[in-house]
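*Asks:* Protein chains in written order, with the numbering used here: chain B, 13 to 129; chain Y, 13 to 129.
Every residue gets a Cβ at the ideal spot worked out from N, C-alpha and C, and that includes glycine.
What you are looking at is a predicted structure, and each value in this text was computed from that prediction instead of being measured.
Can you keep this structure in mind? I'll have questions shortly.
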DNA sequence: GACCTATATTCAGATCATCTTTATATTGGC
DNA sequence: GCCAATATAAAGATGATCTGAATATAGGTC
């Protein structure tokens with residue numbers, strides 16, 4: 013079982029799951045996907061991208077130069093896709109377990125047959 | 013928006029959501045709840061319990077002495093309960109977002125009206 | 001008797017992703 | 001001229017977790 017991901021790592025992979033993106037594009041995409049709740053910091057993002065590349069979870073897709081600024085596009089690798097899928101299932105189970113502990117052992121995602129009251 | 017919880021913190025609160033427990037009891041409960049997938053380390057757990065107590069997310073319920081060993085029972089505070097509820101909803105949304113990015117924009121928790129195929 | 005496991009808690013030091021801040025460079029609005 | 005958005009990089013601080021060890025009792029086993 014791989015170590016749980018931290019938030020910026022999770023969101024970076026989630027953004028890239030929608031297709032190749034460059035660093036700044038990932039930042040905008042994460043903001044959009046989270047409804048403005050999550051803002052990736054530049055320092056965190058580029059560090060994470062370097063690390064994820066070294067770990068083989070993301071690959072360099074291509075590089076473009078627009079207006080003198082270099083854009084380096086990344087995409088999810090097969091490993092990265094699998095890691096994100098596995099992580100999202102883990103999050104789902106964790107959320108479910110917490111809800112069961114909080115609200116009683118009879119409330120999955122939504123009540124399968126009306127509330128037990 | 014509070015900072016996302018780390019795994020041991022989340023599991024500690026989740027275990028206590030089932031009722032008051034002492035440190036070692038939390039460790040056993042987390043192992044049980046996670047189907048043996050998560051093992052809280054003693055150092056991590058007791059440090060987390062101290063921190064959560066200082067933050068007001070858990071309260072000391074009572075202390076018992078059994079066989080010369082002291083058991084300090086903790087329980088979730090109102091704040092702790094709210095924090096765990098909020099965190100579990102956040103995890104749920106994160107998992108959902110990742111799944112939508114991975115599998116397309118048409119697969120929520122379970123298909124609300126049959127699979128789109 | 002020596003050893004290991006389970007129970008129960010504590011503490012010191014290392015690790016490492018994230019956070020903070022700063023730097024660099026271009027374009028466009030006010 | 002100044003500020004914001006775009007685009008990346010890098011150095012130093014923070015802090016929860018991990019690692020490993022210490023302490024103590026009870027029970028099982030070789």
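Could you tell me whether any Cβ in chain B is nearer than 8 Å to the Cβ of residue 111 of chain Y?
*Replies:* Working through the second chain from its first residue, we reach residue 111 of chain Y at position 99. It does; some Cβ of chain B falls within 8 Å.
*Asks:* Express the C-alpha separation of residue 20 of chain Y and residue 43 of chain Y in angstroms, rounding to a whole number.
*Replies:* As a position in the second chain, residue 43 of chain Y is number 31, starting the count at 1. As a position in the second chain, residue 20 of chain Y is number 8, starting the count at 1. Looking at the two C-alpha atoms, the distance is approximately 11 Å.
*Asks:* Who are the Cβ neighbours of residue 135 of chain B in its own chain at under 6 Å, not counting the five residues just before and after it?
*Replies:* Lying outside 13 to 129, the shown extent of chain B, residue 135 of chain B is not represented and no answer is given.
*Asks:* So, is the C-beta of residue 13 of chain Y closer than 8 Å to a C-beta in chain B?
*Replies:* Taking the first residue of the second chain as 1, we reach residue 13 of chain Y at position 1. For residue 13 of chain Y, the answer is yes, since a Cβ of chain B falls inside 8 Å of its Cβ.
*Asks:* Along the beta strand (DSSP E) that carries residue 88 of chain Y, what are the first and last residues, could you check?
*Replies:* Numbered from its first residue, the second chain carries residue 88 of chain Y at position 76. Here the beta strand (DSSP E) through residue 88 of chain Y covers 81 to 88.
*Asks:* Cβ closer than 7 Å: which chain Y residues qualify as neighbours of residue 26 of chain B?
*Replies:* Here the question's residue 26 of chain B lines up with position 14 in the first chain. Under the 7 Å cutoff, chain Y gives 109, 110 and 113.
*Asks:* Taking the CB atoms as reference points, tell me whether residue 73 of chain Y and residue 58 of chain Y lie closer together than 8 Å.
*Replies:* Within the second chain, numbered from 1, the residue matching residue 73 of chain Y stands at position 61. Within the second chain, numbered from 1, the residue matching residue 58 of chain Y stands at position 46. Not a contact, by the Cβ cut-off of 8 Å.
*Asks:* Just how far apart, CA to CA, sit residue 114 of chain B and residue 70 of chain B?
*Replies:* Within the first chain, numbered from 1, the residue matching residue 114 of chain B stands at position 102. Within the first chain, numbered from 1, the residue matching residue 70 of chain B stands at position 58. Those two C-alpha atoms are separated by around 37 Å.
*Asks:* Tell me residue 42 of chain Y's beta-bridge partners as DSSP assigns them.
*Replies:* Residue numbering aside, residue 42 of chain Y sits at position 30 when the second chain is read from its first letter. For residue 42 of chain Y, which the question treats as bridged, DSSP gives no partner whatsoever.
*Asks:* I believe residue 53 of chain B touches residue 38 of chain B by the beta-carbon criterion, under 8 Å. Please report the beta-carbon distance rounded to the nearest angstrom.
*Replies:* For the purposes of this step, residue 53 of chain B is taken as the residue at position 41 of the first chain. For the purposes of this step, residue 38 of chain B is taken as the residue at position 26 of the first chain. About 12 Å separates the two Cβ atoms, so there is no contact after all.
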